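A.B. asks:
Numbering (this note's numbering), first residue to last: -17 to 214.
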C-alpha cells in the first residue's frame, strides 16, 4: 500500500473530487485545499510527498503558493493549469515546479506523472545517501566534509552565507532559484522583499570565484527570475 501523501490544490470542486477519488483508489493519502491560503497552511502542517497545484486559485495565486513551498522544501510539485502558453510553462518550471500538465487532462496522465515524479525523488534520495562529499563545476571543487572551496587547486575563502549559496547551486545544478528562495533556504528566515542581502552576497561571491565578475560563468543571472549554476 502507498504511504505517499499528496496535497491537491484545486478550487474546482468537481475536479478536486474526481482527482481525490482516483488517487484514493490508488492508495494515495490525499489532502485537499481549495485556495492558496488554505494550501500554504495545510502544507506547513502536514508531511507531504507531492503537490498537485492549480495556478488559478483564490486568495493566494498558485505561483505564490509554489514559492512558499520552495522556501522550505524540494517536494515534487506538478502544476495543473488551463494556461498552456510556453511562457507560463517556462515561468512555472523556472520557479520550481517539477512538471506541468495542461487542462483538460486525462486522469491516467496525471497518475503517470505522479508515479514518475515520486520515482525520481526516490532515486535522488538513494543517490544522495551514497553521494561523495565533493561537489565540482569547472575549476571549482567544494568539499562538504571540511567546508572548503578550491579553484584550480587554490583555496578560496568564503563566508558562511557565500558558502551556503554556492552549495545550494552546486547541489541543484539545473534549478533556477529566486531571491526569495535563496534567502529562505540560506538565511532560514522569512523573506520580506529586501533583495539587498541576497544581491550583496551574490556580488561578493562572484568577486571571489569568477575570473571576471561582470561576465560570470559560475553564478548566472536568469533575468526576471533569479540565479542558477553556470553550465559545466
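Cβ coordinates follow ideal geometry from the N, Cα and C atoms, glycine included.
Just so we're clear, the structure is a prediction, and the values are computed from it rather than from any experiment.
1) Does residue 59 come out as helix, strand or coil in the three-state DSSP assignment?
2) Quick one: measure Cβ to Cβ for residue 46 and residue 62, integer angstroms, because I've assumed they're closer than 8 Å.
3) Output the distance between the C-alpha atoms of residue 85 and residue 152, rounded to the nearest integer angstrom.
4) In this structure, how does DSSP classify residue 44 when only helix, strand and coil are distinguished?
5) Looking at C-beta atoms only, is the number of pairs between the stretch 186 to 194 and the stretch 125 to 141 that lie closer than 8 Å three or more?
6) Alpha helix (DSSP H) containing residue 135: first to last residue?
7) If I follow the unbroken beta strand (DSSP E) through residue 38, where does it start and stop?
8) May I ask which residues mark the beginning and end of the alpha helix (DSSP H) holding residue 84?
9) Kindly indicate which three-state DSSP category residue 11 falls into: helix, strand or coil?
10) Per the contact definition of three or more C-beta pairs closer than 8 Å, is the stretch -16 to -8 in contact with the stretch 12 to 19?
11) According to DSSP, which residues form a beta bridge with residue 125?
12) Closest to residue 52 by C-alpha separation, out of 205, 0, 168, would be which residue?
13) Tell me whether residue 140 sits in a helix, a strand or coil according to DSSP, three-state version.
14) Tell me which residue opens and which closes the alpha helix (DSSP H) that residue 201 is part of.
15) Closest by CA to residue 102, which one among 115, 57, 116?
16) On the three-state DSSP scale, how would you describe residue 191?
17) Out of 54, 7, -3, point me to the one whose CA is closest to residue 25's CA.
18) Using 8 Å for Cβ pairs, my map puts residue 31 next to residue 100. What's the rounded Cβ distance?
19) Whole angstroms are fine: how far does the CA of residue 179 sit from the CA of residue 149?
20) Roughly how many angstroms separate the alpha carbons of residue 18 and residue 82, rounded to a whole number?
21) Taking the alpha carbon of residue 89 as the point to measure from, which residue in 33, 80, 5 has its own alpha carbon closest?
22) In this structure, how does DSSP classify residue -14 when only helix, strand and coil are distinguished?
23) With distances taken between CB atoms, is the gap from residue 126 to residue 115 smaller than 8 Å?
C.D. replies: According to the structure shown:
1) Here residue 59 sits in strand by DSSP.
2) Your pair residue 46 and residue 62 does not check out as a contact, with CB atoms roughly 16 Å apart and the cut at 8 Å.
3) Residue 85 and residue 152: Cα-Cα distance of roughly 34 Å.
4) helix
5) yes
6) Element bounds for residue 135: n/a, residue is neither H nor E.
7) In this chain, residue 38 is not harboured by any beta strand (DSSP E), its DSSP state being neither H nor E.
8) Here residue 84 belongs to no alpha helix (DSSP H); instead the beta strand (DSSP E) covers 81 to 84.
9) strand
10) yes
11) 116, 130
12) Ranking the options by Cα distance to residue 52, first place goes to 168.
13) coil
14) Taken as a continuous stretch (DSSP letters only), residue 201 belongs to no alpha helix (DSSP H), being part of the beta strand (DSSP E) at 201 to 204.
15) 57
16) helix
17) 54
18) 7 Å
19) 17 Å
20) About 18 Å.
21) Residue 5 is the option with its Cα nearest to residue 89.
22) coil
23) yes
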